[in-house]
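K.L.:
In our numbering, the protein residues as written are 3 to 600.
1) Given 8 Å as the limit, is there contact between the stretch 139-147 and the stretch 253-272, that is, 3 or more CB pairs closer than that?
2) Suppose you measure from the CA of residue 196 to the CA of residue 166; what does that come to, to the nearest Å?
3) Using only alpha-carbon positions, find the residue among 490, 483, 382 that is nearest to residue 442.
4) When you compare each of 237, 483, 449, 381 to residue 205 by their alpha carbons, which one comes out closest?
5) Using a Cβ distance threshold of 8 Å, determine whether the stretch 485-502 contacts the stretch 561-576, with at least three qualifying pairs required.
6) Going by C-alpha to C-alpha distance, which of 324, 288, 394, 235 sits closest to residue 610?
7) Can the beta-carbon of residue 479 be found less than 9 Å from the beta-carbon of residue 420?
8) What does the alpha-carbon distance come out to for the pair residue 126 and residue 509?
9) Does the Cβ-Cβ distance between residue 495 and residue 180 come in under 9 Å?
10) Quick test of your reading: residue 329 and residue 122, contact by CB under 8 Å. State the CB separation rounded to the nearest angstrom.
11) Determine the extent of the alpha helix (DSSP H) in which residue 203 is found, giving its start and end residues.
12) Locate the alpha helix (DSSP H) running through residue 533, then write down its first and last residues.
13) Do residue 575 and residue 376 have their C-beta atoms closer together than 9 Å?
14) What residues in its chain sit with their C-beta under 7 Å from that of residue 485, if we drop five residues either side in the sequence?
15) What does the alpha-carbon distance come out to for the pair residue 136 and residue 297?
16) Can you say whether residue 216 is buried or exposed, counting buried as having 16 or more other CB atoms within 10 angstroms of its CB?
17) Jot down the residue ranges of each uninterrupted alpha helix (DSSP H) in the stretch 382-466, minimum 4 residues, whole runs only, in chain order.
18) Please specify which runs of the beta strand (DSSP E), each continuous and at least 3 residues long, are wholly inside the stretch 225-289, giving them in chain order.
19) Look at the alpha carbon of residue 487 and the alpha carbon of residue 326, and state the distance between them as a whole number of angstroms.
20) Looking at the secondary structure, which residues open and close the alpha helix (DSSP H) in which residue 123 lies?
21) With burial defined as no fewer than 16 other Cβ atoms inside 10 Å of the residue's Cβ, what is the status of residue 300: buried or exposed?
22) Is the Cβ-Cβ distance between residue 186 and residue 512 less than 9 Å?
23) Counting C-beta neighbours from all protein chains within 10 Å, is the total for residue 250 16 or more, i.e. buried, or is it exposed?
24) Report buried or exposed for residue 151, applying the criterion of at least 16 other Cβ atoms within 10 angstroms of its Cβ.
25) How about residue 222 and residue 389: do their beta carbons lie closer than 9 Å?
26) Of the residues 335, 371, 265, 475, which one's Cα is nearest the Cα of residue 149?
27) Which of the three DSSP states, helix, strand or coil, is assigned to residue 166?
28) According to the Cβ coordinates, are residue 171 and residue 231 closer than 9 Å?
29) Are there 16 or more other CB atoms within 10 angstroms of the CB of residue 214, so buried, or fewer, so exposed?
30) Where does residue 337 sit, in a helix, a strand or coil, going by DSSP?
31) Got a sec? Which residues, its chain only, sit under 6 Å from residue 416 by beta carbon, not counting five neighbours each side?
32) Applying the 10 Å Cβ sphere with the 16-neighbour rule, what's the burial state of residue 234?
33) Just the C-alpha distance for residue 252 and residue 514, rounded to the nearest angstrom, thanks.
34) On the three-state DSSP scale, how would you describe residue 327?
35) To the nearest angstrom, report how far apart residue 103 and residue 374 are at their CA atoms.
36) Where does the unbroken alpha helix (DSSP H) through residue 306 begin, and where does it stop?
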C-alpha cells in the first residue's frame, strides 16, 4: 500500500497546504467573469462568445480599458488571455442572473475568437490525483461484477450444501440490491456530497466481501451478494459526477472514461484470482482495494459544485484553486458562474416543503424537458447496449466460452484473456476521448460490436468440425469484446456525467443507474432461459441486431459533447432539442456560459 498510496498522500498534502496559504491581498481582491459579446459555432451548437472581464472589487468607479495581454502555457495547448473591460462584479452578476444582455444573432458557421482557459500542469496533476482515488474504488467495484463468473461454475460442480442449479445461480449472478443502491445514491449525492457518497459506498463493499468469504450456506452467500450489489450500485453515480464536475472539459472524457478501464481491471483481477484460488479465498482478496480507496478518498477535496450549492464558497474556492493549479483567474471565473447558476437554481426551489411536496417537486424536475430528454437518451442507449450482450459476456464468461468452444479450451484462461482485452480497449477508449468525437467513437463501437456478433453467429451456423474453428471463433469473440469496450461500455457513465443538468445530477443520475442496474438484473436473470430457447447462435444474432440499432440511435439522437462545458450541454437540452439530426441551430436567448475552443 505504501507505494500505491504515495501520490494521494502527496496530492492531499498539496491540497491542504494550498488551502491554508494566505494569498496576496491584491490577488484576493480581483475577480473575473465573462461578458457576452457575440455567438460562435462550437461542436454543432450556436454558442455565445464571452470576453473576459477582469474585476477590481476595490475602488473601481467607472469602466476602464486594460491593454495588457497575458500569455500562459499548459500541457494541453499554448493560449493567451485577453483582458477586456474592468467593471464592478455586482453589475456582471446582475446581468447573468437577469439575462439582460443583448442577443446578437449570427450565422451558425461564423468563426470568432473565443477566450478560454485550460488547466496548467499542476491542475492536471491535481485532477489526476482525484481521478486516481475514484479509480481505485472503481476497480474495487468491478470485482463483484466479475465474481459470479468464477463463483457459479465452482458452486455448480460442488456436491455439498453449497451446490446450486442454474435457476438458483441466476439469482446470485447480479443482485437486485444494485439498482436500490443506485437510487439511494441519488439522494445521498446531494445530502452528504460526492466524495461522502463514495466513502459511504466503500464500507458495504468491504463488509460484503467478508460475508462472502465466511459464507457456509446459500442464504449467507445471497446476503453477501446483496451487500456487494448495494455497494456497487451506490458508487456509480458519485464516481461519474465528481469527475465530471472537477475535470477540465478537455480532460473530462479521459478521466470519466478511466472509470470503465479500472472497472475492467477489477474484473480482470477477480478472473485471475479465480483461476488460482477457490471462491471464498478470492472474496477475502476482494476487500483490499476498497480499504485503500477509502484512505485515498479522505485525501481529496469535495466537489466545488456541491460546496457552492451548500453555500460553502470559501471551501469551494480552495478546492478549485488546487484543481486548477493555482490559476486564480480561472477559479474566479468558474466561481462566478457557479454562484450565479446556483442562485438561479435555488430560487426555483420552495422551502419548508412536506415530504409529499418534495416528492412532487422531484417528479416535476425529472419530467422537465431539460432533464427528461437526456434521461430518455441515456436509458434508450443503455437498454440497447445491454441487449447487445456487453454485461452478459462478463457475468457468463466461463459458461459462454464453454458453449462456444465445446470444452476444447481452458475456460478460465479464456475468460482472463477476454478481461485483458476489455481492459486494454477500455483504456484505449479513454485516450481516444481526448481527440475523437463522442458520436464517431460510439458509432464505430456499435458497428464493430454488431459485425463481430453476426460473424460469430454466422460461422457457428455454417461451420464444419475443424481444428481451426476454435481459433476463428476465439479471434472474433475477442474482437467483439474489444469493439464493445472501446465505446458502448464507456458511454453510460460518461453520459450521466455530461448530459444531466446540474440540478438533476444527484436524483437524475440515481434514477438512471437504478434503471440501468435493474435492466442488468433482468437480462442476466432471463439469459439462461433465452440461451436454452434460441441457442448460442440465436444469442449472438440478438447481440448483433441490438448493436446495429444502437449505432442508428447514436447517429440520430446522441449529441456531440467533446470539449463542451457542462453549461453548454445543459443549454442544448434547454432548447427544443431531442434528436441531434433535427437540433436547433440557434441558442436560447441570453443564456450565459463559458466557451472552450476545440
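We put the beta carbon where it would ideally sit given N, CA and C, even for glycine. Predicted model only: the values in this text are computed from it and were never measured.
P.N.:
On the basis of the data shown:
1) yes
2) 39 Å
3) Closest option to residue 442, Cα to Cα, is 490.
4) Considering only alpha carbons, the answer is 237.
5) yes
6) Only positions 3 to 600 of the chain appear in the structure, and residue 610 is not among them; the question remains open.
7) Cβ distance < 9 Å, so residue 479 and residue 420 count as in contact.
8) 29 Å
9) No, Cβ-Cβ distance for residue 495 and residue 180 is not below 9 Å.
10) 6 Å
11) Under the DSSP assignment, residue 203 falls in the alpha helix (DSSP H) whose first and last residues are 196-216.
12) 507-559
13) Yes, Cβ-Cβ distance for residue 575 and residue 376 is below 9 Å.
14) 447, 450, 451, 454
15) 11 Å
16) exposed
17) Listed in chain order, they are 392-397, 399-407, 413-437, 440-464.
18) Complete beta strand (DSSP E) runs here, min 3: none at all.
19) 31 Å
20) Under the DSSP assignment, residue 123 falls in the alpha helix (DSSP H) whose first and last residues are 123-159.
21) exposed
22) yes
23) buried
24) buried
25) no
26) 265
27) In the displayed model, residue 166 falls within coil according to three-state DSSP, outside both helix and strand.
28) no
29) buried
30) helix
31) 403
32) Residue 234 should be labelled buried.
33) Using only the alpha carbons, I get a separation of about 25 Å.
34) coil
35) With a pLDDT of 37 at residue 103, under the threshold of 50, the modelled position of that residue is not reliable, and the figure given next carries that caveat. Counting only the Cα atoms, residue 374 lies some 29 Å from residue 103.
36) 306-311
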